[in-house]
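**Student:** So the protein sequences, as listed, match chains A and B. With the working numbering applied, the first sequence covers 435 to 881. With the working numbering applied, the second sequence covers 435 to 881. Don't be surprised by glycine CBs; every beta carbon is placed ideally from N, CA and C. I have a structure here, written as structure tokens, and I will follow up with some questions on it.
2 protein chains.
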Amino acid sequence: MGQHDATGPQCLGGEQRILAAEAGLHEGRVITLFGWAYRVRRMGALTFVLLRDRSGIIQVVFDRSAGAGCDAVDEVGVEDAITVTGAVRAEARAQGGFELVGAGLRVISRAATLPFEINLPQLKVGQDLALDHRVLSLRHPRSQAVFRIKAAIIQAFRDFSVRHGFIEVQTPKIVATATEGGANLFPVDYLGRRAYLAQSPQFYKQMLVLSGFERVFEVGPVYRAEPHNTSRHINEFTSLDWEVGWISGATEVMDLEEAMLRELVAKLRAEHAADLAVLGVDLETRMPALGGRIPRMALSDAQQLLAQRHGKQLPPGDLDPEGERLLCEALGGAVFVTDYPVETRPAYAYPHPDRPALTDSFDLLMGGIEVTTGGRRLSERAALEASLVARGLDPQAFAYYVESFGYGSPPHGGLAIGAERLTVALLGLGNLREATFFPRDIDRLTP
Amino acid sequence: MGQHDATGPQCLGGEQRILAAEAGLHEGRVITLFGWAYRVRRMGALTFVLLRDRSGIIQVVFDRSAGAGCDAVDEVGVEDAITVTGAVRAEARAQGGFELVGAGLRVISRAATLPFEINLPQLKVGQDLALDHRVLSLRHPRSQAVFRIKAAIIQAFRDFSVRHGFIEVQTPKIVATATEGGANLFPVDYLGRRAYLAQSPQFYKQMLVLSGFERVFEVGPVYRAEPHNTSRHINEFTSLDWEVGWISGATEVMDLEEAMLRELVAKLRAEHAADLAVLGVDLETRMPALGGRIPRMALSDAQQLLAQRHGKQLPPGDLDPEGERLLCEALGGAVFVTDYPVETRPAYAYPHPDRPALTDSFDLLMGGIEVTTGGRRLSERAALEASLVARGLDPQAFAYYVESFGYGSPPHGGLAIGAERLTVALLGLGNLREATFFPRDIDRLTP
């Protein structure tokens with residue numbers, strides 16, 4: 435220690451920073467930009483530097499024959515962190531309609547030789563190398579667009595929730611017992627006691643409805659110790675959870691999600707048009723079902739449709755990935771599948787009002803993958819205990835949960851949306867890892 | 435399974451629910467409310483039921499002599515989940531200015547005998563019993579107010595962040611290595627490999643600045659396996675994190691936090707006046723420093739102040755809880771303490787520009803407790819490696835982090851705010867557990 439960075443405070447002191455996307459507001463004036471050298475091209479006396487910052491990319495032209503140029507311009511390399519000073523000039527051929535006539539350039543921090551090129555229209559690199567060097571692969575404009583959209587999706591979920599009377603909650607991720615069954619748990623050594631990472635906030639969000647908050651939402655990590663390695667599985671993901679008191683059935687939860695998604699899509703189209711364009715996504719064409727009412731179809735009807743149209747024979751209670759894809763293609767990109775059999779749902783699922791072998795539950799399939807699971811929950815203590823026992827579970831192991839239903843328990847239901855799955859489904863990405871900053875899977879614990 | 439709850443969908447079907455707080459908008463009309471029986475008083479032919487829902491409490495009067503009354507009214511007990519129908523009438527003595535002339539009452543779910551009374555102005559129950567029956571203690575209006583304010587604090591942090599160019603990120607909570615030093619880690623069995631729960635998003639949020647997002651924020655859980663049991667420690671808490679690229683020093687981070695807190699306090703006073711009144715908190719009196727510029731004081735000066743005014747002798751580099759309290763009392767409720775010695779801060783701390791034995795860092799003390807820690811970070815790879823080595827750490831153990839600084843690394847800094855600590859400090863609560871839905875500590879893993 436005791437030694438300073440090469441980049442002392444003085445390098446930024448006193449300079450009013452302008453973002454690349456805002457350069458056009460300063461036409462004719464000399465401004466200073468901070469960012470990274472995305473591309474550097476040298477042609478005789480001219481050096482073209484594409485500077486990338488969080489707002490976008492702008493071209494800076496240094497003309498040595500006009501006296502603009504210095505050692506730093508001659509030496510700047512791709513992905514160096516730089517500051518650039520120059521006059522803003524309109525340039526019809528430039529991306530944002532403006533470029534900078536470079537007057538000065540300072541290299542703040544030099545980049546080593548890159549393990550792969552990041553200034554191509556698409557990253558041409560294997561997934562593992564891209565994830566190993568995440569700081570580089572995330573710099574690609576497509577990746578930046580994906581994560582800006584993911585952030586907007588999560589914020590739209592929250593905005594809608596707050597406007598509909600939900601309160602944000604935080605539930606513990608270190609838990610004493612499983613919520614979704616005993617498998618796929620990560621054990622934690624909790625000060626000498628055995629604990630687990632939460633598979634979902636299920637028990638706690640229900641308890642918070644019962645605590646009088648009535649409508650609760652949470653955005654937080656959940657954990658599944660699934661030992662597969664597929665494009666659809668990661669072991670730590672972001673769950674968008676609702677639990678809603680005083681509902682009469684799963685229909686009301688689907689109505690809420692449908693309204694939320696309609697707003698979400700409108701917001702993305704209005705506020706993230708540029709990011710969608712970078713990704714080549716037209717949400718209206720891709721997901722017409724989200725513009726209005728999303729089709730709702732009992733699981734048995736969905737299986738019948740797949741059998742009739744595609745000759746697909748599926749075991750009762752199940753859809754396979756191909757079935758999910760075909761169903762979405764047939765129904766405008768998204769469909770609520772309802773009425774799952776009791777044996778395919780957790781112990782807390784509420785029975786179907788008319789057919790006790792089924793549950794009052796749903797999944798939302800979108801773009802060929804399951805993005806949501808939800809339904810009404812058992813809210814009467816005796817029924818919940820009976821359901822646990824019927825599955826060979828001991829209600830005493832969940833005493834803190836079961837007892838909560840003994841003090842005035844309104845009917846309720848809710849859902850969980852996988853934020854990464856929703857992002858991937860909306861944008862048509864091929865892998866959940868493309869929508870995860872630092873994915874955790876069977877092979878990957880770093881970065 | 436196969437058996438239905440006593441509360442079938444029919445109990446809520448077709449009834450337009452009105453919230454207690456909105457009853458006044460329906461004066462003279464018959465409305466239906468859903469909620470819990472907060473208090474029940476019987477006086478001759480009259481039964482008074484205080485119905486509590488998420489919006490507040492309203493009195494419902496059933497007059498058997500006027501023909502209003504039924505078995506349900508005679509039998510309703512405290513904390514039963516109920517629906518009530520009646521006509522809205524102005525009543526000057528009532529809390530919200532209105533009461534309901536009860537016409538019908540239905541018990542949706544009966545409450546067992548309560549382990550403690552919850553309809554008193556203050557809960558009179560030990561902390562352990564209150565936490566054991568969290569679904570009940572959270573129903574108390576004071577608790578509801580605390581968590582509504584906590585949610586508002588977190589949302590104000592996010593709103594400010596987004597308007598200041600930050601993007602929301604999610605970093606992994608399962609990590610391969612310690613970030614804040616090797617102690618106080620919860621081990622996780624990660625599919626047969628040893629991993630840990632993240633003590634902070636520190637490394638990852640820095641890497642996301644370096645990934646070109648420049649300004650990132652996160653709201654998420656962090657973990658400290660501290661074996662103490664005090665009012666100021668819980669083992670899982672909510673961290674509000676910022677990391678900011680292209681800054682010239684910790685001063686800029688403090689400026690941002692100060693502006694955020696000013697907005698936050700204004701928002702709470704404007705939008706949560708009723709909740710603050712329930713808690714008897716006047717933020718202006720309690721925290722005058724938050725209205726303008728928060729005092730900033732070097733740690734050595736703070737120690738000198740404590741020595742001169744209170745005869746307190748503290749070892750260099752340290753403040754004790756009493757010192758933190760006295761300092762806040764002396765300085766309007768809140769103070770930035772700056773310039774911590776190198777040996778008291780983590781390896782990634784940036785040295786003070788003039789005094790290399792100190793760091794360019796700060797803590798924010800508020801209401802007597804530390805709510806924030808922040809500062810500028812080392813952003814040059816060689817300096818970071820040297821700092822790790824100087825502390826006896828092997829840079830190879832943090833290779834994924836250290837290597838990130840090799841590809842163009844702008845100067846940056848940030849902070850972490852404990853959401854529960856901030857809530858407790860603002861509201862003058864005595865214990866972090868009062869601002870935590872389901873606390874985790876050395877003795878508590880459930881509920």
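1. Determine, using beta carbons only, whether B:Val-483 comes closer than 8 Å to chain A.
2. Name, please, each residue of chain A whose Cβ falls closer than 7 Å to the Cβ of B:Met-688.
3. At a CB-CB cut-off below 7 Å, which residues of chain A make contact with B:Asp-514?
4. Would you list, in chain order, the members of the stretch 533-557 of chain B that have their beta-carbon closer than 8 Å to a beta-carbon of chain A?
5. From what residue to what residue does the alpha helix (DSSP H) around B:Arg-488 run?
6. Just checking B:Lys-746 against the ligand FMN - is the residue's beta carbon closer than 7 Å to any of the ligand's heavy atoms?
7. Quick check: the stretch 861-880 of chain B against the stretch 578-588 of chain A, are there 3 or more CB pairs under 8 Å?
8. Would B:Val-494 and B:Leu-485 be called neighbours here (beta carbons separated by less than 8 Å)?
9. Taking the C-alpha atoms as reference points, what is the distance between B:Lys-558 and B:Pro-575?
10. Which chain A residues sit within Cβ distance under 9 Å of B:Tyr-624?
11. Between the stretch 450-470 of chain B and the stretch 690-702 of chain A, are three or more C-beta pairs nearer than 8 Å?
12. At a CB-CB cut-off below 8 Å, which residues of chain A make contact with B:Ile-465?
13. For a contact meaning CB atoms closer than 7 Å, what does B:Ser-838 contact in chain A?
14. Using the Cβ count rule (16 or more neighbours within 10 Å means buried), how would you classify B:Gly-531?
15. I want to verify the contact list: residues of chain B whose CB lies under 7 Å from the CB of A:Thr-672, in sequence order.
16. Quick one: what's got a C-beta closer than 6 Å to A:Gly-538's C-beta in the same chain, skipping five residues either side?
17. How long is the line joining the alpha carbons of B:Gly-758 and B:Thr-806, rounded to whole angstroms?
18. With a threshold of 8 Å on Cβ separation, who are the neighbours of A:Leu-765 within its own chain once the five nearest residues in sequence on each side are excluded?
19. Just the chain B side, please: which residues come within less than 8 Å of A:Leu-572 by C-beta, in chain order?
20. For the putative contact between B:Leu-713 and B:Leu-740, defined by C-beta atoms under 8 Å, what is the C-beta separation to the nearest angstrom?
21. Assuming A:Trp-680 contacts A:Gly-848 under a Cβ cut-off of 8 Å, what Cβ separation, rounded to an integer in Å, is found between them?
22. Quick check for students: name the residue ranges of the alpha helix (DSSP H) that lie wholly in the stretch 574-606 of chain A, counting only runs of 4 or more.
23. Are the beta-carbon atoms belonging to B:Gln-604 and B:Gly-646 less than 8 Å from one another?
24. With a cut-off of 8 Å, does the C-beta of A:Ala-612 fall near any C-beta of chain B?
25. Kindly indicate which three-state DSSP category B:Gln-437 falls into: helix, strand or coil?
26. If you draw a straight line from the alpha carbon of A:Arg-815 to that of B:Asp-562, how long is it in whole angstroms?
27. Determine whether the Cβ of A:Ala-454 lies closer than 8 Å to any Cβ atom of chain B.
28. Output the boundary residues of the alpha helix (DSSP H) element that contains A:Met-800.
29. Can you tell me which of the three DSSP states B:Cys-445 falls into?
30. With 16 other CB atoms within 10 Å as the buried threshold, where does A:Met-800 fall?
31. Is there a C-beta anywhere in chain A that falls below 8 Å from the one on B:Ala-707?
32. Report the option in B:Ala-791, B:Leu-631, B:Thr-685, B:Ala-781 whose CA atom is closest to the CA atom of B:Asn-823.
33. Is there at least one Cβ from chain A nearer than 8 Å to B:Gln-561's Cβ?
34. Looking only at its own chain, which residues have a Cβ that is under 7 Å from the Cβ of B:Gly-840, when we skip the five neighbours before and after it?
35. Can you tell me which of the three DSSP states B:Pro-829 falls into?
36. Can you find a C-beta in chain B that's less than 8 Å from the C-beta of A:Asp-487?
**Tutor:** According to the data block:
1. no
2. Chain A residues near B:Met-688: none, gap ~14 Å exceeds 7 Å.
3. Gly-842
4. Ile-542, Ser-543, Arg-544, Ala-545, Ala-546, Leu-548
5. Where B:Arg-488 is concerned, there is no enclosing alpha helix (DSSP H), given that its DSSP letter is neither H nor E.
6. Inclusion of the ligand FMN in the displayed structure is not the case, the ligand content being empty and no account of it being possible.
7. no
8. yes
9. 14 Å
10. Phe-620, Ala-659, Asn-669, Arg-874, Leu-879
11. no
12. Ordered by position in chain A, no residue passes the 8 Å Cβ test against B:Ile-465, which lies about 15 Å from the chain.
13. Val-569
14. exposed
15. Gln-604
16. Thr-519
17. Here the sequence assigns Glu to residue 758 of chain B, which means Gly is not the residue at that position. The alpha-carbon atoms of B:Glu-758 and B:Thr-806 are separated by roughly 13 Å.
18. Ala-723, Pro-729, Met-731
19. Leu-642, Ser-645, Gly-646, Phe-647
20. The Cβ separation is near 30 Å, so there is no contact.
21. About 12 Å; that fails the 8 Å criterion.
22. 575-597
23. no
24. no
25. At B:Gln-437, the pLDDT of 33 sits below 50, so the modelled position is not reliable; the number obtained from the coordinates is stated separately. Looking at B:Gln-437 - three-state DSSP - the assignment turns out to be coil, as it is neither helix nor strand.
26. 24 Å
27. no
28. Where A:Met-800 is concerned, there is no enclosing alpha helix (DSSP H), although the beta strand (DSSP E) it sits in stretches over 795-800.
29. Here B:Cys-445 scores only 38 on pLDDT, less than 50, and its place in the model should not be relied on; the value that follows carries that caveat. The answer is helix: DSSP assigns B:Cys-445 an H, G or I state.
30. buried
31. no
32. The sequence given here has Val at residue 823 of chain B, not Asn. Cα-wise, what sits closest to B:Val-823 is B:Ala-781.
33. no
34. Arg-815
35. helix
36. yes
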